[in-house]
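Have a look at the structure below, then the notes.
Protein chains: 2
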Amino acid sequence: MEKAIDKSESARGPRDDRGVISTRIIAAAREEFINQGVSGTTFRAIARRADVDPALVHYYFSSKEALLDAATAPPPEFLENAKAAISSPLPTRGQHIIKHVVRSWATPETGDILRATFLCANVDEKTREKLRASMSSSFIGATAERLPQGDRLVRAGLVSSQIIGLCWLRFIWKLEPLATMPESEVVGLLAPTLQKYLNGRL
Amino acid sequence: MEKAIDKSESARGPRDDRGVISTRIIAAAREEFINQGVSGTTFRAIARRADVDPALVHYYFSSKEALLDAATAPPPEFLENAKAAISSPLPTRGQHIIKHVVRSWATPETGDILRATFLCANVDEKTREKLRASMSSSFIGATAERLPQGDRLVRAGLVSSQIIGLCWLRFIWKLEPLATMPESEVVGLLAPTLQKYLNGRL
């Protein structure tokens, strides 16, 4: 986004002061990545979906990698809410984390960003690396500080595994009853497991 | 496989009594599905990878759907071991199930079949439906019989979520330390969670 705004202020391309065009291109790219995969996505198809000239997509984004990066960048609210959940009081932190995850996936644009990130991580090593790094650092920070670092790393992995599995079944594969269960029920069922992984006896 | 053997006995095509050619085509298809996705996989690329004429792929498999079905069919040993784990004594069933899953993914051909199934389920509704059905029926059968059906269904979902998340991180996204942790350690860490989901207090 920042890059797009910088560029639009130059004399080389159309004005896009509020980032309207680049936002539309990013959303179109995200849909293409979700539906066609990384290798199946083309600048032409993105342009068609965004209803802009392909040259304009190339003007804002120099490569498919740059588009993928923009399409899978988590929104600021998501990062703020994640930070709040991760630093909430330890005894109920598991509950705050799972609530944040389930809500984020159910939020229209954020949910699409997470879905695109998860699906692209299966086939694109750079996306996978970004995701691994952000999961590890977030969830290590969520574990009890008094524990040794190696133990915290294992716990972060366990937290990630339960969260990823839930997201996959509820939001991607849509396995019932998890897919349509009310948020409060999901939170109630998963929170004790996460809490155990964060600071309980393994 | 059965279909392929039936066909090879007819007068219409080459003999393939031991299923050597069809097995090679299925393995090639699986690799293509894993690497190119469902929409990116072509009969021509499968033929090239299997080192056979494209006409031979068409001879054995009438459609991409038939190939996908064959490429994601779990091997008999996997099904037998799954059945044994699911019907093992309830107090240690969680441990048997997670051990079976982790071993199966680490077994060369079975691991590829599971990987292909998981990845294709993201983009192909029929594969997803097959997977959902087999997960639910297996894991409902693993929960404590004395519980009400609705409760068992929820528990089967929880078991699935923890298993899917672990497989994703250990075998697909390769998040450390889960990715390279010894099998016995993974089993020890996950078994209590699965056991709780099978017959513990939620």
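Residue numbers (my numbering), protein chains in the order written: chain H, 1 to 202; chain A, 203 to 404.
From the three backbone atoms N, C-alpha and C, an ideal C-beta is built for every residue, glycine too.
Asked	Found
Sub-8 Å separation of L178(H) and G359(A) beta-carbons	yes
As assigned by DSSP and simplified to three states, the class of V187(H)	helix
Cβ neighbours of E31(H) in the same chain (closer than 7 Å, five flanking residues each side left out)	R49
Beta-carbon proximity of V240(A) to D326(A), cut-off 8 Å	yes
Chain-ordered neighbours of A121(H) on chain A, where CB pairs are closer than 9 Å	I374, W375
DSSP-derived helix/strand/coil call for D112(H)	helix
C-beta atoms of L270(A) and T225(A) nearer than 8 Å	no
Expected contact under 8 Å - CB spacing of L194(H) and I98(H) to nearest Å	6 Å
Separation of N401(A) from V237(H), as counted between CA atoms	There is no way to answer for residue 237(H), as the model of chain H reaches only from 1 to 202.
A84(H) burial status per 10 Å Cβ neighbour count (16 or more: buried)	exposed
Option nearest T143(H) by Cα separation, candidates R93(H), V102(H), N122(H)	R93(H)
Own chain, CB closer than 6 Å to Y399(A), minus 5 neighbours either side, in chain order	R357, L360, V361
Residue of F43(H), E145(H), V186(H), G150(H) minimising C-alpha distance to P91(H)	E145(H)
CA-to-CA distance, A318(A) to F43(H), given in whole angstroms	28 Å
Simplified DSSP state of A11(H), which is helix, strand or coil	With a pLDDT of only 44 at A11(H), under 50, the local geometry of the prediction cannot be trusted, and the value read off the model is given with reservation. Note: A11(H) maps to coil in three-state DSSP.
Contacting residues, own chain, Cβ-Cβ under 6 Å from P54(H) (five flanking each side not counted)	F43, R44, A47
Short Cβ contact (8 Å threshold) for N81(H) with S104(H)	yes
Collapsed DSSP secondary structure at F263(A) in the structure displayed	coil
Assigned exposure category for T41(H) - 16 Cβ within 10 Å defines buried	buried
Proximal chain A residues relative to V154(H), where beta-carbon distance stays under 9 Å	P379, L380, M383, E387, L391
For L321(A), the three-state DSSP class (helix, strand or coil)	helix
T72(H) burial status per 10 Å Cβ neighbour count (16 or more: buried)	buried
Cβ-Cβ distance between F341(A) and I374(A) below 8 Å	no
Exposed unless 16 or more other CB atoms sit within 10 angstroms - verdict on D218(A)	buried
Buried or exposed by the 16-neighbour rule on C-beta atoms within 10 Å, applied to G165(H)	buried
Simplified DSSP assignment, three categories, for D271(A)	helix
Under 8 Å between C-beta atoms of R334(A) and L175(H)	yes
Spatial distance of S137(H) from I163(H) (CA atoms)	15 Å
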